[in-house]
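Engineer: In my numbering, the protein residues as written are -7 to 276.
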Amino acid sequence: MKPLSRRTRFIYLAVSITAFLFTVPVAVFYASGYRFNGLSFVETGGVYVSVPLSDASVFINGKEEGVSSLFTRSFYTDNLIAGTYAVQVSREGYYPWVKKLTVEARIVTDVFAFLVPQSILIREIEIREGDTASTTRAVSKNEYNTFVKAFARKIVSAPTQGGTATSTPVDTRAGAELYIEGGNLIVRWMKDPQSVPSSFCIKPSSCVQEFFIEKGRETVSNAQFFAGGVVYSTKESGIFLAENDVRPVPLIVPLYSRPGAQFRIVNGALIVKDGSAFYDISGF
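Quick look at the structure:
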């Protein structure tokens, strides 16, 4: 075989060097989170979605990213140009969950899907032994008295008119505290601002130390962390379960729609008092 001429070898070498000099910067840009868009490179970010249940479909801007399973409960989508994205998680028998997330360059935006079942079981509590109907829950007299004592406990809140910040939260959990001030419900982050969770961040680079879960619409009378969110009661409409996240759009689900109804969390169970009757709300 006739060897290549010196000129041909030089051309091959020049082409190889040129290709190397072109591809290396491109590879570095891609590894650094840049993508080619139009006529220029732009920085990109990502979204990390955690799902608490199996058989839930995850969508970003209407495109399905996957379905959760026993072993797959999180989904990461990268190469997203900075902007606002609609993240939706749907599961049969559950309220649809939608969150508008802001993606920033070279940052991963994380979110936890707050899924609430559409069918909530409400059972009246009775002092009785043995089997009962599906609409009632039988308890011993001692357990019933536990509920009575729980509702005798007063809830601390600031006055509805001209109230100032209360020094005592109505509930605390993992650095977050719930306050009722002037009939409004506020969640505050009480630990180091540098460790604030993403649920307090309107966007990754802009976080707050507190935000309202209920403001102005109704008068909150009680609130507790419960079932991954916040359960609260209002004097006007009853009891609700709300998502604990500042980003739009928060999911708020009515649990017991009777004005004046009260609730307490007793041994991990949600107990409602309506007049003189007690009810157990479950199914979460």
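Where a beta carbon is used, it is the ideal one built from N, C-alpha and C, also for glycine.
Check whether the segment 202 to 210 touches the segment 60 to 74, taking contact to mean three or more Cβ pairs, one atom from each stretch, closer than 8 Å.
Structural biologist: Contact between the segment 202 to 210 and the segment 60 to 74 is absent, because fewer than three Cβ pairs lie under 8 Å.
Engineer: Kindly indicate which three-state DSSP category Glu57 falls into: helix, strand or coil?
Structural biologist: On the sequence shown, position 65 is the one that residue 57 refers to. Reduced to three states, the DSSP call for Glu57 is strand.
Engineer: According to the Cβ coordinates, are Phe106 and Leu262 closer than 8 Å?
Structural biologist: Here residue 106 is taken as the residue at index 114 of the sequence shown, counted from 1. Here residue 262 is taken as the residue at index 270 of the sequence shown, counted from 1. No. Outside cutoff.
Engineer: Alpha carbon to alpha carbon, how far is Val223 from Ala168?
Structural biologist: Against the sequence shown, residue 223 aligns to sequence position 231. Against the sequence shown, residue 168 aligns to sequence position 176. Between Val223 and Ala168, the C-alpha separation is close to 14 Å.
Engineer: Round the Cβ separation of Ser197 and Val103 to the nearest angstrom and send it over; I've been treating them as touching at under 8 Å.
Structural biologist: Numbered from its first residue, the sequence shown carries residue 197 at position 205. Numbered from its first residue, the sequence shown carries residue 103 at position 111. About 16 Å; that fails the 8 Å criterion.
Engineer: Would you grab the beta carbon distance between Gly230 and Ser249 for me? Rounded to a whole angstrom, and I think it's under 8 Å.
Structural biologist: Sequence index remark: in the sequence shown, residue 230 carries index 238 (1-based). Sequence index remark: in the sequence shown, residue 249 carries index 257 (1-based). Yes, Gly230 and Ser249 are in contact; Cβ-Cβ is about 4 Å, under 8 Å.
Engineer: Identify, in the order they occur along the chain, each residue of the same chain with its Cβ nearer than 6 Å to the Cβ of Lys133, setting aside the five sequence neighbours on each side.
Structural biologist: Here the question's residue 133 lines up with position 141 in the sequence shown. Answer for Lys133: Ile119, listed in chain order.
Engineer: Can you tell me the Cα-Cα spacing of Gly267 and Ile273, whole angstroms?
Structural biologist: Along the sequence shown, one-based indexing puts residue 267 at 275. Along the sequence shown, one-based indexing puts residue 273 at 281. Taking the straight line from one Cα to the other gives about 16 Å.
Engineer: Taking 8 Å as the threshold (C-beta atoms), are Arg165 and Phe217 in contact?
Structural biologist: Within the sequence shown, residue 217 is the residue found at index 225, counting from 1. Within the sequence shown, residue 165 is the residue found at index 173, counting from 1. Yes, the Cβ-Cβ distance between Phe217 and Arg165 is below 8 Å.
Engineer: So which of Lys227, Ala219 and Pro44 has the shortest CA-CA distance to Ala234?
Structural biologist: Walking along the sequence shown from the start, residue 234 turns up at place 242. Selected option, being the one with the closest Cα: Ala219.
Engineer: Taking Ser48 as the reference, give the member of Ile117, Arg98 and Tyr87 with the closest Cα.
Structural biologist: By 1-based counting over the sequence shown, the position of residue 48 is 56. The amino acid at residue 48 is misidentified as Ser; the sequence shows Ala. Comparing Cα-Cα distances from Ala48 to each of Ile117, Arg98 and Tyr87, the minimum goes to Tyr87.
Engineer: Are the beta-carbon atoms of Lys91 and Thr76 separated by less than 8 Å?
Structural biologist: Mapped onto the sequence shown, residue 91 falls at position 99. Mapped onto the sequence shown, residue 76 falls at position 84. Contact flag unset, no.
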